[in-house]
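K.L.:
Quick one: the structure is below, questions incoming.
This is the structure in structure tokens:
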């Protein structure tokens with residue numbers, strides 16, 4: 475091989491490797507409207523997609539989205555899917571052990587409400603009262619830990635809210651468990667649906683939305699950089715801007731004062747090679 479050809483070959487190989495190493499394989503379960511997959515076009519859309527793409531793009535990386543409908547039920551090591559980034563609305567304990575600490579991009583009010591037939595709100599005032607009910611739940615939806623794992627409750631899992639409301643209409647002692655009252659109400663307000671009200675009992679909670687990196691990924695070294703990029707987008711309002719562009723309410727941005735100071739110092743330290751913050755510069 476001539477010297478010129480060798481140089482071109484080596485340059486092409488280096489360039490190809492550089493492109494490969496600067497691409498992260500990412501996985502996100504079907505979670506509209508934050509992110510959704512179009513099976514016809516094989517493309518992923520939504521604000522959660524844009525946020526992480528912009529975050530990693532600040533230091534020259536891009537993302538290849540793996541087109542899958544479901545959250546991986548197998549552990550990372552045993553799964554056929556190989557990914558470097560995972561966007562998580564909730565994670566199993568088994569999967570969690572295989573991931574680096576979460577990189578937050580916001581929180582969601584995920585209070586669990588219980589819808590009952592009109593006049594029955596006072597019959598459900600505490601958790602133990604659920605034992606007397608037939609509880610209609612959405613298939614594969616996470617509610618709250620105690621409820622999800624309670625095998626003593628009479629829970630009936632249905633595919634969607636349309637079927638749930640249909641069953642609710644036929645069964646007087648049925649209760650609908652939901653974190654999305656607005657969607658359920660569209661069916662409950664339809665002609666022929668029974669009168670309803672919210673039970674006195676509800677379960678308040680805030681759920682974190684975050685990305686993480688599997689410990690076995692070749693890109694674990696990017697964890698701090700991505701975390702800091704997301705932190706800056708959270709604090710400067712960029713995440714809210716992206717959600718607003720989709721005409722969606724942005725995720726809540728909750729900051730513990732001490733944690734915020736610690737992360738701010740760490741991110742400034744990573745950016746400049748040393749901490750540039752003093753007590754007087756931290757508000």
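Numbering (the numbering used here), first residue to last: 475 to 757.
Quick reminder that beta carbons are idealized off the backbone N, C-alpha and C, glycines included.
Treat the numbers as computed from the prediction; the structure is a model and nothing was measured.
1. Can you list, in chain order, the residues of its chain with a C-beta nearer than 8 Å to that of residue 658? Leave out the 5 residues immediately preceding and following it.
2. Is it buried or exposed, residue 549, if we count other Cβ atoms within 10 angstroms and call 16 or more buried?
3. In whole angstroms, what separates the C-alpha of residue 526 from that of residue 574?
4. Measure the CB-CB distance between residue 617 and residue 586 and report whether it falls below 8 Å.
5. For the segment 690 to 700 and the segment 610 to 630, state whether three or more C-beta atom pairs, one from each stretch, are separated by less than 8 Å.
6. Could you have a look at residue 726 and say whether DSSP puts it in helix, strand or coil?
7. Helix, strand or coil for residue 701, going by three-state DSSP, please let me know.
8. By a C-beta neighbour count over all protein chains shown, 10 Å radius and 16 as the cutoff for buried, is residue 523 buried or exposed?
9. I need the DSSP call for residue 660, collapsed to helix, strand or coil.
10. Residue 790 and residue 559 look like a contact to me (Cβ under 8 Å); what is the Cβ gap, rounded to whole Å?
11. Alpha carbon to alpha carbon, how far is residue 708 from residue 724?
12. At the level of alpha carbons, what is the spacing between residue 600 and residue 741?
13. What three-state label does DSSP hand residue 627 in the structure shown?
14. Helix, strand or coil, according to DSSP, for residue 536 in the structure here?
15. Would you tell me roughly how many angstroms separate the C-alpha atoms of residue 682 and residue 583, rounded to the nearest one?
16. On the DSSP letters alone, give me the boundaries of the beta strand (DSSP E) that residue 582 sits inside.
17. Give a yes or no on whether the C-beta atoms belonging to residue 608 and residue 631 are separated by under 8 Å.
18. On a Cα-Cα basis, can you pick out the residue from 672, 680 and 693 that is closest to residue 593?
19. Can you tell me which of the three DSSP states residue 522 falls into?
20. Measure the C-alpha to C-alpha separation of residue 500 and residue 665 and round it to an integer number of angstroms.
21. Compute the beta-carbon to beta-carbon distance between residue 726 and residue 577, rounded to the nearest angstrom, for a pair I have assumed lies under 8 Å.
22. In the DSSP assignment, what residue or residues form a beta bridge with residue 610?
23. Report the CB separation of residue 502 from residue 561 in whole angstroms; it is logged as a contact under 8 Å.
P.N.:
Let me lay it out:
1. 589, 635, 638, 639, 650 and 652
2. Residue placement at residue 549 cannot be trusted, given a pLDDT of 42 that sits under 50; what the coordinates show is reported in the next sentence. Result: exposed.
3. 16 Å
4. Cβ distance < 8 Å, so residue 617 and residue 586 count as in contact.
5. no
6. In this structure, residue 726 counts as strand in the three-state DSSP scheme.
7. helix
8. buried
9. The answer is helix: DSSP assigns residue 660 an H, G or I state.
10. Any answer about residue 790 is impossible in this case: the structure gives the chain only from 475 up to 757.
11. 10 Å
12. 44 Å
13. coil
14. strand
15. 9 Å
16. 577 to 583
17. With respect to the 8 Å criterion, residue 608 and residue 631 are not classified as neighbours on the basis of their beta carbons.
18. 672
19. Helix, per DSSP.
20. CA-to-CA, the gap between residue 500 and residue 665 works out to about 43 Å.
21. Between residue 577 and residue 726 the Cβ distance is about 16 Å, and since that is not below 8 Å, they are no contact.
22. 630 and 650, per the DSSP bridge assignment.
23. Contact flag correct, Cβ pair sits at about 4 Å.
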